[in-house]
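Its first residue numbered 6, the sequence shown is counted upward by one per residue in my numbering.
Note that beta-carbon positions come from the ideal geometry of N, C-alpha and C, so glycine has one too.
For clarity, every value in this text was computed on a predicted model and none was experimentally measured.
A quick write-up on the structure given underneath.
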Amino acid sequence: MKNILKNIVLIICGALLISSCKRDFLNTKQLNAISSDATWKDAGLAQAFVTDIYNGLQNGGFYEQQLASISDEAVFVHPGRGINIINEGTLSPSNLGWQDGTYEWNTMYNRIRPCNLSLENLWKGGFPDQVLNDRLRGEAHFLRAYFYQQLLRYYGAVPIVDHTYGINEDYSIARNTYEECVNFIVGDCDSAAILLDGKDLAKGRATKLSALALKSRVLLYAASDLHDIPTAKANSTLIASYPNPELLGYVSGDRTARWQAAKDAAKAVLDAGSGYKLDLSAPASAADAQAYYTSIAMGGGSNGPGIDKAASVELLFERDFSPQTVSGGPGTDGTSVGLDNGPNGYHNWAGNVPIQELVDDYEMMDGTKFDWTNPTEKAAPYKNRDPRFYATILFDGADWKPRDKITSNPDPANQIQTGQYQGAGGTTIAGLDTRQSVVENWNASWTGYYMRKFIDPDPAVVDNNTRQYVPWPVLRYTEAVFNYAEACIELGQDAEATTWLNKIRFRAGMPAITETGTALRDRYRNERRIEMAYEEQRYHDARRWMIAPSTLGRPVIDINVVGTLKAGQVAPSPYRHDETIYNYSYTPFIDNGLENRTWVDKMYFRPLSRDEVNKNSKLIQNPGYDQ
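Following this line, the structure appears as structure tokens:
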């Protein structure tokens with residue numbers, strides 16, 4: 006979307022650079038400023054003001070550091086960025102560790118204020134186009150709901166500010182209850198859906214479907230274990246001893262009714278929209294399934310071969326990037342996801358690399374769980390896996406882009422090399438994408454894997470020096486399908502849940518799920534984990550399901566890949582992955598070199614910063630952070 010409000014200033018400054026001898030200098034108008042009154046009387050200026058609020062989305066999830074790396078999806082390979090402070094449980098009100106601007110306390114409230122300002126002034130009218138007025142109010146309601154939702158799922162309940170403060174007002178305000186926050190956000194979503202109904206909006210702006218999808222997410226979280234205080238207390242002694250549980254969830258009420266509300270909200274999304282390739286009656290072929298999933302990840306932002314731009318229908322709300330909106334250097338502008346995360350053998354920065362725990366959770370093509378104790382699977386762990394695996398993760402031997410566009414072409418086969426291989430005369434060849442690479446020996450994966458999802462597969466796009474205009478999926482249709490299925494499972498409606506889950510499975514080329522009860526819940530959670538990998542879902546899911554101790558708290562596991570020449574074979578030069586020449590072995594191992602991951606229950610919620618608590622004595626700190 007166009008960032009067109011940078012030159013609009015909402016306060017009138019005194020005239021400057023005027024000689025003090027002029028008696029009328031205080032009445033001089035600043036020529037590069039626009040008054041607040043003028044802004045809301047002009048349709049174009051009002052629209053520009055609301056458009057600027059979208060900058061609160063920042064780069065979506067496309068930052069050099071990603072939320073995936075504080076979950077069991079990935080590890081961030083560059084130390085000293087504050088991620089380890091979170092993963093090792095040492096964060097505190099005075100040491101917050103890494104935090105992204107898309108959920109940081111001050112940033113969110115700085116965006117909530119212009120939402121309030123817009124709603125206050127648009128309600129008064131000021132320009133004759135009522136259709137536009139309704140649309141802008143709808144967008145403001147949605148954006149306010151979204152920013153509060155970000156605060157709610159990271160911090161728990163927060164102070165609800167629904168108006169702009171004057172200079173002399175008391176800014177001290179207590180946190181509302183969790184229930185009050187949910188109700189407020191849902192109210193904004195409902196208002197947005199009404200006001201945006203039937204409105205034709207440009208790509209990247211909020212729509213009725215966006216509002217319905219956000220409502221679905223908020224109500225699903227509200228029904229989850231972490232926010233049902235009796236359940237949360239049973240699973241955490243820290244939460245059980247917290248004197249203000251109403252800030253964390255529902256202390257009473259009908260949880261079944263909350264699941265029903267979540268189900269109804271998700272169904273509204275399903276009825277109002279349509280996903281991509283969710284009408285298949287049988288599993289897609291492996292090749293088609295991989296292409297479908299890659300197309301969804303590209304969201305219409307790639308011209309690569311086999312990419313179906315129609316997959317952008319999945320996006321119900323996205324952060325778009327275009328040459329007109331990009332600013333900043335590589336790694337900072339949301340268009341460098343390939344540079345940030347691609348293999349060092351292509352002169353990229355590695356970044357958020359997948360860990361073995363994620364790799365192992367991709368099923369075999371027949372729907373069975375991958376098993377390291379199975380000799381066949383251990384000998385060839387990357388064969389016959391869920392097609393989404395090949396669209397998400399780059400592994401040793403995986404085909405990838407031409408290296409000759411950025412290197413001297415030491416690898417004409419264009420394969421990922423993350424292992425150690427036997428060369429001529431018993432020498433050892435270090436893979437080009439390892440930390441011993443002859444291409445680049447410092448930016449490299451520690452785990453033996455690289456991220457592929459969201460990196461444009463177009464061979465013409467050179468990740469190291471070419472911007473990629475792939476949208477970030479803030480909300481997509483399949484998330485609403487998962488929300489609906491989860492609510493159905495919790496309500497005991499297993500058949501309805503599997504019907505919708507299998508729509509996702511068939512698109513992914515995977516066989517139908519047939520389980521019921523607890524087994525179905527487990528299959529559902531893994532399916533959501535795989536489908537939504539790297540989409541900022543897993544961190545929140547593991548917390549709200551309260552499975553974080555056994556998932557987010559696990560040590561990082563890497564893979565050691567070794568290729569030894571078969572009897573009578575000669576090492577090719579340059580090296581290439583070839584199973585007719587080499588025997589390959591794969592050995593997982595725990596790696597504490599970057600992080601000593603642990604889980605402590607205070608990490609279910611982020612701490613309120615010391616500065617915020619010092620400024621506002623009415624703020625109550627989250628559990629575990631007062632010591």
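Endpoints, beta strand (DSSP E) assigned at ALA79: 79 to 81
Find out if the Cβ-Cβ distance for the pair LEU217, ALA277 is shorter than 8 Å. yes
Can you name, in chain order, every residue of its own chain whose Cβ lies under 7 Å from the Cβ of GLY87, other than the five neighbours on each side? Same-chain partners within the cutoff: GLY102 and TRP103.
So who's on the other strand from LEU320, going by DSSP bridges? ARG481
Can a CB atom of chain B be found closer than 8 Å to the CB of ASP468? Here chain B cannot be found, since the structure has a single protein chain.
Give me the Cα-Cα distance between ASN601 and PRO560, rounded to the nearest whole angstrom. 7 Å
Buried or exposed: where does ASP409 fall if 16 or more other Cβ atoms within 10 Å of its Cβ makes it buried? exposed
Around the C-beta of ASN100, are 16 or more other C-beta atoms found within 10 angstroms, so that it is buried, or is it exposed? exposed
Need the endpoints of the beta strand (DSSP E) that PRO593 sits in, please. 587 to 595
Is SER97 helix, strand or coil by DSSP? strand
Determine, using beta carbons only, whether GLY309 and PRO407 come nearer to each other than 8 Å. no
Answer with buried or exposed for PHE594, where buried requires no fewer than 16 other C-beta atoms within 10 angstroms of its C-beta. With fewer than 16 other CB atoms across the displayed protein chains lying within 10 angstroms of its CB, PHE594 is exposed.
Helix, strand or coil for GLN570 per DSSP? Here the sequence assigns Leu to residue 570, which means Gln is not the residue at that position. In this structure, LEU570 counts as strand in the three-state DSSP scheme.
Candidates ALA572, GLY280 and GLU584: which alpha carbon is nearest GLY431's? ALA572
With a cut-off of 8 Å, do at least 3 Cβ pairs link the region 618 to 632 to the region 570 to 590? no
Within this structure, are the beta carbons of ILE421 and TYR455 separated by less than 8 Å? yes
According to DSSP, simplified to helix, strand and coil, what is PRO612? coil
So, at 8 Å on beta carbons, what are the nonlocal neighbours of ASP230 in its own chain, with the 5 sequence-adjacent residues on each side left out? THR236, ALA237, ASN240, ARG549, TRP550 and MET551
Do GLY94 and MET608 have their C-beta atoms within less than 8 Å of each other? yes
8 Å contact criterion, which ILE58 and ARG140 should meet: CB distance rounded: That pair is no contact at about 13 Å.
Candidates HIS232, LEU206 and ARG158, of which the one nearest GLN52 by Cα: Minimum Cα distance to GLN52 is reached at LEU206.
From GLN441, GLY428, LEU50 and ARG393, pick the residue whose C-alpha is nearest to that of ALA291; which is it? ARG393
Go through its chain and collect everything with a Cβ distance to LYS208's Cβ below 7 Å, but skip five positions before and after it. Taking C-beta separations shorter than 7 Å and ignoring five residues to either side along the sequence, the partners of LYS208 in its chain run ASP325, following chain order.
Going by alpha carbons, who is nearest to ALA302 out of LEU480, GLY106, ASP202 and ARG158? Nearest of LEU480, GLY106, ASP202 and ARG158 to ALA302, Cα basis: LEU480.
Once the 5 residues before and after GLY306 are set aside, which same chain residues still bring their CB inside 6 Å of it? TYR474, VAL475 and PRO476
Residue interval of the beta strand (DSSP E) (run including ILE434): Where ILE434 is concerned, the enclosing beta strand (DSSP E) starts and stops at 433 to 435.
Would you report the Cα separation of GLY453 and VAL82, rounded to the nearest angstrom? It is roughly 12 Å from the alpha-carbon of GLY453 to the alpha-carbon of VAL82.
Anyone know if the C-beta pair for TYR159 and TYR108 falls short of 8 Å? Yes, they are a contact pair.
Quick check: ALA283 and LYS46, are their CB atoms within less than 8 Å of each other? Position check: residue 283 holds Leu in this sequence, whereas Ala was assumed. In this structure, LYS46 does not lie closer than 8 Å to LEU283 by Cβ.
Indicate whether PRO359 and ALA79 have their beta-carbon atoms separated by less than 8 Å. yes
Helix, strand or coil for VAL358 per DSSP? strand
Hey, which unbroken runs of the alpha helix (DSSP H) at 4 residues or more fall wholly within the region 246 to 293? 260 to 277
Nearest by alpha-carbon distance to GLY424: which of VAL486, GLY203 and GLY350 is it? GLY350
May I have a chain-ordered list of the beta strand (DSSP E) segments no shorter than 3 residues that lie completely inside the region 368 to 427? 425 to 427
Supposed close pair THR483, GLY280 - CB separation, criterion 8 Å: 6 Å
CA-CA distance, ASP167 and ASN121? 6 Å
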